[in-house]
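Residue numbers (this note's numbering), protein chains in the order written: chain A, 407 to 546; chain B, 747 to 826. Quick reminder that beta carbons are idealized off the backbone N, C-alpha and C, glycines included. Small disclaimer: the values here were computed from a predicted structure and weren't measured. Structure first, then comments.
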Amino acid sequence: MENTSIHVTTEKLNLQACYDFVQDASCGGIALFVGTVRNLTKSKEVTLLDFSTYKPMAIKEMQKIADKALVDFDILKIAIHHAEGELQVGHIPVIIAVSSAHRKAAFDACQYAIDTLKGTVPIWKKEHFVDGEVWVNAHP
Amino acid sequence: MQIKLLLFGIVKDIVGKNTTELEIIPNTTITDFKSILIEQYPKLVAYKNFSVAVNENYVDDTYLIKANDVIAIIPPVSGG
């Protein structure tokens with residue numbers, strides 16, 4: 407699919423690569439969502455986040471999100487890149503980039519993509535604190 | 747029949763490994779499979795809101811498990 411770029415990688419995510427992939431002369435705007443590792447959870451200091459994935463299924467689910475965004479919104483291209491492994495505070499676990507002729511479609515598709523990713527893509531993060539660790543969302 | 751299970755997140759920690767096998771009869775539903783799994787690993791009862799994927803696709807509780815299916819236990823996801 408030349409209008410979608412999907413990656414799950416242990417390497418540092420590349421914001422410029424996402425931007426360059428979606429950039430096009432026909433587009434009046436690009437919306438970017440850049441997730442970053444926050445230093446606090448419920449006022450406890452986070453030391454690092456460890457992301458694990460069911461990689462082949464994660465890629466499939468991310469591709470489904472991108473394909474649906476292309477159908478449901480008037481956009482040209484979408485990139486969804488997610489990191490796996492250990493990330494420190496300030497590092498980037500996820501980037502979503504969307505280009506469209508007009509800004510509303512890009513904003514809407516970008517929001518759809520990150521909201522859906524957080525609900526369906528099989529990726530899990532474990533928060534590490536000075537005094538322990540916890541799987542995020544695991545406790546009912 | 748023996749089926750292969752893939753375990754992730756909190757479920758992997760509870761079971762203590764990332765793959766295992768389970769003996770079930772053909773055409774077991776996902777609902778019954780979950781009961782069998784929890785019987786074998788009672789600590790999972792606290793986390794029974796997990797989803798199940800078969801061959802890398804989410805399935806609902808009525809899916810009938812076939813020989814050679816690869817079953818993944820998907821606890822609540824937290825990507826992003």
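Query, Result
"Within chain B, partners of A:E542 - CB distance below 8 Å", "Checking the sequence shown, residue 542 of chain A turns out to be Val, not Glu. Per Cβ cutoff of 8 Å: S824."
"Given 8 Å, three or more beta-carbon pairs between the segment 458-467 of chain A and the segment 797-815 of chain B", "yes"
"Beta strand (DSSP E) segment containing B:A799, residue limits", "S797 to V800"
"Same chain, Cβ closer than 6 Å to A:A437, five either side skipped, listed in chain order", "V504, A512, F513 and C516"
"Rounded distance between the beta-carbons of A:P499 and A:H488, thought under 8 Å", "7 Å"
"As assigned by DSSP and simplified to three states, the class of B:L783", "helix"
"Exposure label - A:E417; buried when at least 16 CB within 10 Å", "exposed"
"Chain B residues whose Cβ lies nearer than 7 Å to that of A:G441", "G826"
"Secondary structure of B:D806, DSSP reduced to three states", "coil"
"Cα-Cα separation between A:F439 and A:L421, rounded to whole angstroms", "10 Å"
"For A:K531, three-class secondary structure by DSSP", "strand"
"Whole-number beta carbon distance between A:I529 and B:V823, since they are thought to touch under 8 Å", "6 Å"
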